[in-house]
Amino acid sequence: MLLVNADRPEPMRSGARELALFLTPEPGAEAKEVEETIEGMLLRLEEFCSLADLIRSDTSQILEENIPVLKAKLTEMRGIYAKVDRLEVRLGKRRF
Numbered sequence: 516m517l518l519v520n521a522d523r524p525e526p527m528r529s530g531a532r533e534l535a536l537f538l539t540p541e542p543g544a545e546a547k548e549v550e551e552t553i554e555g556m557l558l559r560l561e562e563f564c565s566l567a568d569l570i571r572s573d574t575s576q577i578l579e580e581n582i583p584v585l586k587a588k589l590t591e592m593r594g595i596y597a598k599v600d601r602l603e604v605r606l607g608k609r610r611f
């Protein structure tokens with residue numbers, strides 16, 4: 516137990532300061548933990564943005580390259596369907 520003289524209250528204050536410093540968490544460690552959490556979140560955000568860019572580029576490729584090819588094939592198939600329809604009409608009169 517710390518005996519304090521009423522004339523000299525300094526030892527009590529000094530002890531209280533030491534106890535307060537001992538019980539106070541180290542701000543550097545707390546800040547480091549927050550920084551690590553932020554870095555992790557930024558990394559995940561960057562990965563998400565990369566994925567979104569990849570999806571956008573794939574969509575652009577589909578719109579610019581694949582759809583015109585599909586339209587050309589559709590036009591070609593319409594001609595083939597018309598020929599098949601005419602052939603069915605001719606053969607429809609004859610049953611095998």
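Counting with the numbering used here, you get residues 516 to 611 for the letters of the sequence shown. Glycine included, every Cβ here is placed at the ideal spot set by N, Cα and C. Everything numeric in this text was worked out from a predicted model, so none of it was measured.
Can you give me the C-alpha to C-alpha distance between residue i and residue j, rounded to a whole angstrom?
i, j, result
"residue 590", "residue 552", "56 Å"
"residue 568", "residue 582", "20 Å"
"residue 579", "residue 572", "10 Å"
"residue 587", "residue 603", "25 Å"
"residue 585", "residue 592", "10 Å"
"residue 538", "residue 560", "36 Å"
"residue 576", "residue 607", "44 Å"
"residue 534", "residue 545", "19 Å"
"residue 530", "residue 536", "10 Å"
"residue 556", "residue 532", "37 Å"
"residue 599", "residue 566", "45 Å"
"residue 463", "residue 570", "With the chain covering 516 to 611 only, the question about residue 463 has no answer from this structure."
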